[in-house]
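Engineer:
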Amino acid sequence: QVKMKRVFDRTKAVDGLRQILWGLFKKIVIADNCATFANMIFDHHQVYNGATLVLGTVFFAFQIYGDFSGYSDIALGTARLLGFDLIRNFAFPYFSRDISEFWRRWHISLSSWFRDYLYLPLGGSKGKTIFKVRNIFIIFLVSGFWHGANWTFIVWGGLNALYYLPLLLFGQTRINTNTVAEGKNMPSLVEASQLLLTFSLTCLAWIFFRSLSLGHAFVYIRDLTAGLFSLQSYTSAIQFIQTKVGFMIPALVAFFIIVEWLGREEQFALAKIGVTWYKPMRWSLYYSLIIILIMYGGSQQPFIYFQF
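If you're matching positions, the sequence shown starts at 30 in our numbering and goes up one per residue.
#1: Would the beta-carbon of Arg117 fall within 9 Å of that of Ile93?
#2: Does Gly327 pass the burial test, meaning 16 or more other C-beta atoms within 10 Å, or should it be called exposed?
#3: Could you tell me the alpha carbon to alpha carbon distance between Met310 and Gly303, rounded to whole angstroms?
#4: Tell me which same chain residues have a C-beta within less than 6 Å of the C-beta of Gly79, skipping the five on either side of it?
#5: With a CB to CB cut of under 6 Å and the five nearest residues on each side skipped, what residues in its chain are close to Arg173?
#6: Just to confirm the assignment: which complete alpha helix (DSSP H) runs, minimum length 4, are found wholly within the segment 134-197?
#7: Along the alpha helix (DSSP H) that carries Trp312, what are the first and last residues, could you check?
#8: Among residues of its own chain, excluding the 5 on either side of Gln330, which ones have a beta-carbon nearer than 6 Å to its beta-carbon?
#9: Ends of the alpha helix (DSSP H) at Phe215?
#10: Between which two residues does the alpha helix (DSSP H) containing Pro279 stretch?
#11: So the alpha helix (DSSP H) Ile250 belongs to, where does it begin and stop?
#12: For the segment 266-285 against the segment 100-115, do three or more pairs of beta-carbon atoms, one drawn from each stretch, fall closer than 8 Å, so that the two count as touching?
#13: Taking 6 Å as the limit between beta carbons, can you name the residues of its chain near Phe356, skipping five residues before and five after?
#14: With distance defined between alpha-carbon atoms, name the residue in Asp145, Ile165 and Leu139 nearest to Trp175.
#15: Within 10 angstroms of the Cβ of Asp38, are there 16 or more other Cβ atoms? Answer buried if so, exposed if not.
#16: Please look up how many angstroms separate the CB atoms of Asp96 and Trp51, rounded, as I've assumed it's under 8 Å.
Right, here's the structure in full:
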């Protein structure tokens, strides 16, 4: 593409600017704000319990997704603005119905690299079951090691391999290849349950990814599970939201989830939303996002994946 002559394409440029805008919203509004509260809870986990620790895990889940997919959107949008087409790196992974689907939708560039240069040369999903299991553990453990020489990343990779194992053994790794609730406004009860379970398992693994050590992760999980059935922990979580978080951040995260859900069948969330609206309405949407960026951008946080 670098060697080919490029002619300015207004449609591509506008599409690229929309993706840049949504990427900035993900990074500056969602990720940076969530990072503040995720750091607060993870760094002082000993003073919190149960529901508040769950809240910290969810904040980190949105932080890492908004941070990483946000800068991917900025890069892809900038490339399209300049006339280059790059592969997408995220395909709404938190709307996955199982772990296999999640890993087809998360960090697609790295996942496809591991598939092509490690998993398939090892034999992939062919051959005896023992070799299939071996290949899955190798690819996930190497993925963990790729993130850093810390046991937390190794356990994170191993945990995802364990999640993947039942799907592999029962031949169900590709039962969810379409978009969830395709052509519908809402998922079915079964699909909603699958989304919730997959997101919960992913969040559990994220605890190891975020923790400074295995000891930190295990204590965090211990305190989390010990307080889940305590009414006081839910009261504490509500108090944390009221005193530390406020109303606007949960409202913006809810808005973010809705927009992502509405745009889940496209290349990125804003690809089609508002495109056919009357110009005043369409520009009102874009200017509203810009105003939100200015007013509710969180404190500057480094890109998580720059360390990898």
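For each residue, glycine too, the CB sits at the ideal point set by N, CA and C. These numbers were taken from a predicted model, which means no experiment stands behind them.
Structural biologist: This is what the structure holds:
#1: Your numbering for residue 117 matches position 88 in the sequence shown. Your numbering for residue 93 matches position 64 in the sequence shown. No, the pair does not count as a contact, with Cβ atoms beyond the cut-off.
#2: Within the sequence shown, numbered from 1, the residue matching residue 327 stands at position 298. Its Cβ being crowded by 16 or more others within 10 Å, Gly327 is buried.
#3: Here residue 310 corresponds to residue number 281 of the sequence shown, with the count starting at 1. Here residue 303 corresponds to residue number 274 of the sequence shown, with the count starting at 1. Approximately 8 Å between the Cα atoms of the pair.
#4: Working through the sequence shown from its first residue, we reach residue 79 at position 50. Excluding residues within five positions, the ones whose Cβ falls inside 6 Å are Gly256, Leu257, Ser259 and Ser262.
#5: Counting from one through the sequence shown, the residue named residue 173 turns up at place 144. A small fix is needed here, since residue 173 is Gly in this sequence, not Arg. Contacts found: Phe182, Ile183, Trp185 and Gly186.
#6: Complete alpha helix (DSSP H) runs here, min 4: 137-143 and 158-176.
#7: In the sequence shown, residue 312 corresponds to position 283, counting from 1. Taken as a continuous stretch (DSSP letters only), the alpha helix (DSSP H) holding Trp312 covers Lys308 to Tyr325.
#8: As a working mapping, residue 330 is identified with position 301 in the sequence shown. Cβ within range, chain order: Asp61 and Ala64.
#9: As a first step, residue 215 is located in the sequence shown; it is residue number 186 there, counting from the start. With the sequence shown as reference, residue 215 is identified as Met, and Phe is not the correct amino acid for it. Where Met215 is concerned, there is no enclosing alpha helix (DSSP H), given that its DSSP letter is neither H nor E.
#10: What you label residue 279 is simply residue 250 of the sequence shown in a count that begins at 1. For Pro279, the enclosing alpha helix (DSSP H) covers residues Met277 to Leu291.
#11: Position 221 of the sequence shown, counting from 1, holds the residue named residue 250. First-last of the alpha helix (DSSP H) with Ile250: Leu243 to Gly256.
#12: With the cut-off at 8 Å, the segment 266-285 and the segment 100-115 do not touch.
#13: Any property of residue 356 remains undetermined from this structure, which presents the chain solely from 30 to 337.
#14: Residue mapping note: residue 175 aligns to position 146 of the sequence shown, counting from 1. Comparing Cα-Cα distances from Trp175 to each of Asp145, Ile165 and Leu139, the minimum goes to Leu139.
#15: Along the sequence shown, read from residue 1 onward, the residue named residue 38 stands at position 9. Its Cβ having fewer than 16 others within 10 Å, Asp38 is exposed.
#16: Position 67 of the sequence shown, counted from the first residue, corresponds to residue 96. Position 22 of the sequence shown, counted from the first residue, corresponds to residue 51. That pair is no contact at about 14 Å.
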